[in-house]
Amino acid sequence: MPLVNPLPILKKARQQKLAIAAFNIHNLETMQAVVEGAVEEMAPVIIQTTPGTLEHAGIPFISAMAKAAAEEYRIPIILHLDHCSSFAIAVKCIRYGYTSVMIDGSALPYQDNIKLVAEVVKVAQAAGIAVEGELGRIGGTEDDITVDEREAAMTVPGEALDFVQRTGIDTLAVAIGTAHGLYKGEPLLDFDRLAQIKELVDIPLVLHGASGVPDDSIIRSINRGICKVNIATELKIPLAEAIKNSFKVNPAEDDPRNYLGAGREEVKKVVKRKIRLTGASKLLKR
Numbered sequence: 369m370p371l372v373n374p375l376p377i378l379k380k381a382r383q384q385k386l387a388i389a390a391f392n393i394h395n396l397e398t399m400q401a402v403v404e405g406a407v408e409e410m411a412p413v414i415i416q417t418t419p420g421t422l423e424h425a426g427i428p429f430i431s432a433m434a435k436a437a438a439e440e441y442r443i444p445i446i447l448h449l450d451h452c453s454s455f456a457i458a459v460k461c462i463r464y465g466y467t468s469v470m471i472d473g474s475a476l477p478y479q480d481n482i483k484l485v486a487e488v489v490k491v492a493q494a495a496g497i498a499v500e501g502e503l504g505r506i507g508g509t510e511d512d513i514t515v516d517e518r519e520a521a522m523t524v525p526g527e528a529l530d531f532v533q534r535t536g537i538d539t540l541a542v543a544i545g546t547a548h549g550l551y552k553g554e555p556l557l558d559f560d561r562l563a564q565i566k567e568l569v570d571i572p573l574v575l576h577g578a579s580g581v582p583d584d585s586i587i588r589s590i591n592r593g594i595c596k597v598n599i600a601t602e603l604k605i606p607l608a609e610a611i612k613n614s615f616k617v618n619p620a621e622d623d624p625r626n627y628l629g630a631g632r633e634e635v636k637k638v639v640k641r642k643i644r645l646t647g648a649s650k651l652l653k654r
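In terms of our numbering, the sequence shown is residues 369 to 654.
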């Protein structure tokens, strides 16, 4: 099947208190790991790429690989642009077949964030593409953009309602205490804030920075309205460790199919575990 718009699945997830796992990929092997893991779990899946990954691999190549995966397997596959602050890049991804884009103006003043997001929504809606916005700032680092945890502003529930109404976004990424990258200790999520946002905002909510968040906190977040759970760092680590181990076992290794293949298998293990955690497989059952 072709790449699909995530909205129908996300709305179903919201109704059933489930979520879709969304995984950041960087190359062929990580995309294969994500798709194969989802196929083995019989679950819909979201493939995500940041602007940094697109600069590294190229939008046409990422798009072509994702389309090939979607045609090969009979599960819903979504191709999503993650943490993009550029109107031009978002539009280019839409033209190349992305079925969901995140336009991230969270670093901008509130009114400027609304303006930027609304402009992308106008283009995306004409193309039948879903748009994710973000209100509040997630701590940590993503694509070399760092937000100090002490300065990371939580999403204000009342502002969330205003933001959704004025931008027309389809999904909202909320800041409730998560961070990009590795946590120094166990993250303390503001579940009461999340519950308040869910009561006010009638669209699917997204949890960024979910790598390293304890399983029970992920489940509590899903029960309180999170419908999409983003995983990035927890894929990078096993990939890197598998490659390092390949060279440790065989310092003369020179075949990328071997060390990248080993990395792919380790990443797939994480993908399958996260899919089971979110309950995404249940979304394909009648």
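Using N, Cα and C, we set each Cβ at its ideal position, and we do this for glycine too.
Note that the coordinates shown come from a computational prediction; the quantities given were computed from them, not determined experimentally.
For the 8 Å CB-CB criterion, Leu-568 and Ser-589 do not form a contact.
Cβ-Cβ distances below 7 Å link Ile-471 to Cys-452, Ala-458, Leu-484, Val-485, Val-488, Val-499 and Gly-501 in the same chain, with the five nearest sequence neighbours on each side left out; the list follows chain order.
Here the C-alpha atom of Arg-442 lies approximately 25 Å from the C-alpha atom of Leu-628. Per the coordinates, the alpha-carbon of Glu-621 lies some 11 Å from the alpha-carbon of Asn-613. Gly-580 and Ile-482 have their C-alpha atoms roughly 30 Å apart. Taking a contact to require three or more Cβ pairs closer than 8 Å, the stretch 626-643 and the stretch 430-440 do not qualify as touching. For the stretch 434-507, the continuous alpha helix (DSSP H) assignments of 4+ residues that do not extend past its boundaries occur at 455-463 and 478-495, in sequence order. If you look at Asn-392, you'll find it in the beta strand (DSSP E) that goes 388-392. In terms of Cα proximity to Thr-539, the closest of Leu-371, Met-369 and Leu-378 is Leu-378. For Asp-560, the closest alpha carbon among the candidates Pro-572, Ile-571, Gly-545 and Asp-570 is that of Gly-545.
Under DSSP, Asn-598 shares a beta bridge with Ala-390.
In the three-state reduction of the DSSP assignment, Thr-539 falls in the strand class, which pools E and B. Going by beta carbons, Leu-375 and Gly-647 fall outside the 8 Å limit.
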